[in-house]
Amino acid sequence: MMTMRQGERVHWHVAALGDFNNAHTPHWHGNTVLVAGQRTDVLNIAPAQMITADMVPDAPGIWLYHCHISDHMLAGMVARYEVTPR
Ligand SMILES: [Cu+2]
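In this text, residue positions in the sequence shown follow numbering that gives the first Met the number 0: the first is 0, and each later residue adds one.
Rendered as structure tokens:
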């Protein structure tokens with residue numbers, strides 16, 4: 000499981016490959032990210048694209064990270080990440 004500390008600066012490098020069926024909407028539970036000045040908890044990423052999302056997690060716990068497209072989630076595009084308390 001990906002683990003980080005509360006208050007630590009974290010860079011998520013999110014990439015997608017493949018054809019048009021491989022557009023994804025990665026979504027973080029529990030914490031938000033900053034991308035190009037916009038605070039969000041979900042991204043839209045197209046195939047052959049990479050996005051760096053900056054996070055300073057402030058909510059300790061074990062959180063879900065998944066694609067928001069239902070078929071992708073059902074196919075297993077689901078993970079957890081842990082934020083340990085400071
Ligand atoms: Cu997806």
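Yeah, the Cβ is synthetic: ideal placement off N, Cα and C, and Gly gets one too.
Ligand 1 heavy atom lying under 6 Å from the CB of I68: At least one heavy atom of ligand 1 lies less than 6 Å from the C-beta of I68.
Beta strand (DSSP E) segments (min. 3 residues) lying fully within the stretch 13-61: Counting only runs of 3 or more residues that sit fully inside the stretch 13-61, the beta strand (DSSP E) segments are 25-27, 32-34, 37-39, 48-54, in chain order.
Counted within 10 angstroms of its Cβ, other Cβ atoms place P25 as buried (16 or more) or exposed: Buried, because 16 or more other Cβ atoms sit within 10 Å of the Cβ of P25.
Exposure label - N30; buried when at least 16 CB within 10 Å: With at least 16 other beta carbons inside 10 angstroms of its own, N30 counts as buried.
From L16, A58, M49, H65, residue whose alpha carbon lies closest to that of E7: Minimum Cα distance to E7 is reached at A58.
Other residues of its chain near T2: CB distance less than 6 Å, five sequence neighbours each side excluded: E81.
Three-way DSSP call (helix, strand, coil) for M1 in this model: Here M1 sits in strand by DSSP.
Same chain, Cβ closer than 8 Å to V41, neighbours up to 5 away in sequence not counted: Closer than 8 Å at Cβ, skipping near neighbours: T24, P25, H26, W27, H67.
Residues near V9 in its chain [Cβ-Cβ closer than 8 Å; skip 5 each side]: Apart from the 5 residues on each side of it in sequence, V9 sits with its Cβ closer than 8 Å to the Cβ of M3, D53, M54, V55, P56 in its chain, given in chain order.
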